[in-house]
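**Q**
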Ligand code: UDP
């Protein structure tokens, strides 16, 4: 580093859920490759999830370390329950979700202690930590927000909030157009979170309100997306909604080697070489990959229905199920049709637990994916050029579905009607069979595949030198350096 350009030190503080930790850690690596010193903040039970990534980044010459702060025991959660994964595994535990969110607010003091000790130049913190803006302000450093979603859903969320079109329809199933946001986006009240159907205030709605306010006061928003994917919405977010934002994704593309791709988030439940061997034995575009992210947790009836839909579709598949062979009470699994695995031998692979998702979707034999429309999964599918069956469950996933099916036309909807946290709305086997066939075989599948392959190419170019995301990251780093210099001059 030349003496005239001081090295910046940035703190990254992801919300403790895989869908937030994985992309923010990838993003921190991107900053690290530009000579910036990186510290990732997390709690003791989450530290082992990150230590290998940090070691591999250090081996590549990236200056990165982990700062550990204790998860508040006074929050009343079971010991070691420090990640959304443990909160949501094993069924709907809504009470725990609220306690978990409340517990994270107690992390402000230990964060401030760290800021005092280490004096970093910037804090990139998750939208679930609205108090991080004030914490950063106390130490005179900029705070960037990370939402974990793309421009389209950020714009839709903002317009829904501004215009409240759901209040103008007379039934939960009557479609309405979201005013403001371009593209004639239609939704129903059924597809919205419960909190948007009532005026009830609770801990979660308060956190969202605080998050919005803190975003308006912070340095800006760093987005895991690329301009070419959603140019209208990137422009709308910045120029019409007036938000300061930089797009630096798809961040998953920073994982160049097999180990990095195979071990994002958690240790995979299948050896990566075994998985590749299975995929290598298949023809190009012949396998459908089915996964619902790290939070959704379907009940046994839905898994059984999915198994039957898949079998009827006749397609080869890899199916990721968040279940062990035995349930928590030691009972054998009750969610597979009689003799299913025997019949599917060689044709279908069930991964119980955690899959090396990026490694799988990037394989040439994967010709389609069934996704819950978590933003990371969509972006990973897009970057790999894979058309999608959209099966949203909760969060902002119904918005993301519209981007895939209506705007980009790179997927088909399985037809979910209702937002239901964790367990999802029930989808029948015929709908599953039809949607899987539609995305895998026939003219429509080919059209969607060639469209998404073209967008995937754009994704790769975006992160290369001179690409749009590469460029925006440079702009952001320049602005942070400027802010750093101004602070130093005035202090
Ligand atoms: N993921 C994975 N293996 C799994 C399940 C999920 O690697 O078995 C990764 C996936 O690649 C993505 C993240 O976990 O990066 C899930 O994020 P997403 O936004 O898709 O969904 P969420 O888990 O937040 O609902």
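Numbering (the numbering used here), first residue to last: 147 to 637. Cβ atoms here follow ideal geometry from the backbone N, Cα and C, with glycine treated the same way.
1) Along the chain, where does the alpha helix (DSSP H) that runs through residue 591 open and close?
2) Work out the CA separation of residue 332 and residue 313 for me, nearest whole Å.
3) Do residue 455 and residue 582 come within 8 Å of each other at the CB atom, strictly closer than that value?
4) Would you call the CB atoms of residue 541 and residue 602 closer than 8 Å?
5) Answer yes or no: the CB of residue 164 versus the heavy atoms of the ligand UDP, is any distance below 7 Å?
6) Pairing CB atoms from the stretch 273–282 with CB atoms from the stretch 300–320, are three or more of them under 8 Å?
7) Is the CB-CB distance between residue 371 and residue 546 below 8 Å?
8) By DSSP, does residue 283 sit in helix, in strand, or in coil?
9) Looking only at DSSP bridge pairs, what is residue 559 linked to?
10) For the pair the stretch 283–298 and the stretch 189–203, tell me if three or more CB-CB distances fall below 8 Å.
11) According to the neighbour-count rule (16 or more other Cβ atoms, all chains shown, within 10 Å of its Cβ), is residue 389 buried or exposed?
12) With a threshold of 7 Å, establish whether the CB of residue 411 neighbours any heavy atom of the ligand UDP.
13) Can you tell me which of the three DSSP states residue 612 falls into?
14) Quick check: what's the CA-CA separation for residue 103 versus residue 436?
15) Would you report the Cα separation of residue 197 and residue 212, rounded to the nearest angstrom?
16) Kindly examine the ligand UDP and report whether one of its heavy atoms sits closer than 7 Å to the Cβ of residue 467.
17) Helix, strand or coil: how does DSSP classify residue 388 here?
18) May I ask whether a heavy atom of the ligand UDP can be found less than 7 Å away from the beta carbon of residue 523?
19) For residue 169, which of 518, 349, 397 has the nearest alpha-carbon?
20) Tell me residue 271's beta-bridge partners as DSSP assigns them.
21) Determine which residues share a DSSP beta bridge with residue 188 and list them.
22) Using 8 Å as the threshold, is the C-beta distance between residue 433 and residue 511 below it?
23) Below 8 Å, how does it come out for the stretch 211–231 and the stretch 252–265: are there three or more Cβ pairs, yes or no?
24) So, with DSSP's three-state summary, where would you put residue 441?
25) Near residue 604, which residues of its chain fall below 8 Å by C-beta distance, leaving aside the five closest residues on each side in sequence?
26) Among the residues of its own chain, which have a CB less than 7 Å from the CB of residue 175, if the five just before and after it don't count?
27) Ignore the nearest five residues each way along the sequence and tell me which others in residue 414's own chain have a CB closer than 7 Å to its CB.
28) Any heavy atom of the ligand UDP within a distance shorter than 7 Å of the CB on residue 526?
29) List the DSSP bridge partners of residue 515.
30) Given this structure, state the Cα-to-Cα distance separating residue 245 from residue 226, to the nearest angstrom.
31) Grouping DSSP H, G and I as helix and E and B as strand, with all else coil, what is residue 393?
32) Starting from the C-beta of residue 343, find all residues in its chain whose C-beta is less than 8 Å away, skip the five residues before and the five after it, and write them out in chain order.
33) Pick out the complete beta strand (DSSP E) segments inside the stretch 355–387, 3 residues or longer, and give them in chain order.
34) Hey, is the stretch 179–189 in contact with the stretch 153–163, meaning 3+ C-beta pairs nearer than 8 Å?
35) Please look up how many angstroms separate the CB atoms of residue 392 and residue 619, rounded, as I've assumed it's under 8 Å.
**A** This is what the structure holds:
1) Here residue 591 refers to the residue found at position 445 when the chain shown is read from its first residue. Note, residue 591: alpha helix (DSSP H), 589–609.
2) In the chain shown, counting from the first residue as 1, residue 313 sits at position 167. In the chain shown, counting from the first residue as 1, residue 332 sits at position 186. Answer to the nearest angstrom: the Cα atoms are 14 Å apart.
3) Taking the chain shown and counting its residues from 1, one reaches residue 582 at position 436. Taking the chain shown and counting its residues from 1, one reaches residue 455 at position 309. Yes, the Cβ-Cβ distance between residue 582 and residue 455 is below 8 Å.
4) In the chain shown, counting from the first residue as 1, residue 541 sits at position 395. In the chain shown, counting from the first residue as 1, residue 602 sits at position 456. The criterion of a C-beta distance shorter than 8 Å is not satisfied by residue 541 and residue 602.
5) Counting from 1 along the chain shown, the entry for residue 164 is found at position 18. At least one heavy atom of the ligand UDP is nearer than 7 Å to the Cβ of residue 164, so yes.
6) In short, these stretches do not touch, since the Cβ pair count stays below three.
7) Numbered from 1 along the chain shown, position 225 holds the residue referred to as residue 371. Numbered from 1 along the chain shown, position 400 holds the residue referred to as residue 546. Result no, Cβ atoms of residue 371 and residue 546 do not sit closer than 8 Å.
8) Translated into positions along the chain shown, residue 283 becomes position 137. DSSP places residue 283 in helix when its eight states are reduced to three.
9) Your numbering for residue 559 matches position 413 in the chain shown. In DSSP, residue 559 forms a bridge with 536.
10) In short, these stretches do not touch, since the Cβ pair count stays below three.
11) In the chain shown, counting from the first residue as 1, residue 389 sits at position 243. Answer is buried; the Cβ neighbour count reaches 16.
12) To locate residue 411, count along the chain shown from 1; it is residue 265. It does: the Cβ of residue 411 is within 7 Å (strictly closer) of some heavy atom of the ligand UDP.
13) Your numbering for residue 612 matches position 466 in the chain shown. Annotated three-state conformation of residue 612 is coil, per DSSP.
14) In the structure displayed, the chain extends from 147 to 637; residue 103 sits before or after that span and is not available.
15) Reading the chain shown from its first residue, position 51 is the one you call residue 197. Reading the chain shown from its first residue, position 66 is the one you call residue 212. The alpha-carbon atoms of residue 197 and residue 212 are separated by roughly 8 Å.
16) Sequence index remark: in the chain shown, residue 467 carries index 321 (1-based). No, the Cβ of residue 467 stays beyond 7 Å of every heavy atom of the ligand UDP.
17) Reading the chain shown from its first residue, position 242 is the one you call residue 388. Coil.
18) Locating residue 523 in the chain shown gives position 377, counting from the first residue. Residue 523: yes, Cβ under 7 Å from the ligand UDP.
19) In the chain shown, counting from the first residue as 1, residue 169 sits at position 23. Looking at the Cα atoms, 397 is the closest of the given residues.
20) Within the chain shown, residue 271 is the residue found at index 125, counting from 1. DSSP output for residue 271 lists 159, 291 as bridge partner(s).
21) On the chain shown, position 42 is the one that residue 188 refers to. Paired residue(s): 214.
22) Position 287 of the chain shown, counted from the first residue, corresponds to residue 433. Position 365 of the chain shown, counted from the first residue, corresponds to residue 511. For residue 433 and residue 511, yes; Cβs fall inside 8 Å.
23) These segments touch.
24) By 1-based counting over the chain shown, the position of residue 441 is 295. DSSP places residue 441 in coil when its eight states are reduced to three.
25) The residue labelled residue 604 in the question sits at position 458 within the chain shown. Contacts found: 372, 374, 375.
26) As a working mapping, residue 175 is identified with position 29 in the chain shown. If we look at residue 175 and ignore the five residues flanking it on each side, its Cβ neighbours are 203, 208, 400.
27) Counting from 1 along the chain shown, the entry for residue 414 is found at position 268. Contacts found: 408, 500, 501, 502.
28) Sequence index remark: in the chain shown, residue 526 carries index 380 (1-based). Relative to the ligand UDP, the nearest heavy atom lies less than 7 Å away from the CB of residue 526.
29) Residue mapping note: residue 515 aligns to position 369 of the chain shown, counting from 1. Answer by DSSP bridge pairing, in chain order: 435, 534.
30) Taking the first residue of the chain shown as position 1, residue 245 is located at position 99. Taking the first residue of the chain shown as position 1, residue 226 is located at position 80. Between residue 245 and residue 226, the C-alpha separation is close to 14 Å.
31) Position 247 of the chain shown, counting from 1, holds the residue named residue 393. The answer is strand: DSSP assigns residue 393 an E or B state.
32) Indexing the chain shown from 1 puts residue 343 at position 197. Closer than 8 Å at the Cβ level, and outside the excluded window around residue 343, lie 312, 318, 335.
33) 366–369
34) Yes, they touch.
35) Position 246 of the chain shown, counted from the start, is the residue given in the question as residue 392. Position 473 of the chain shown, counted from the start, is the residue given in the question as residue 619. Contact flag correct, Cβ pair sits at about 7 Å.
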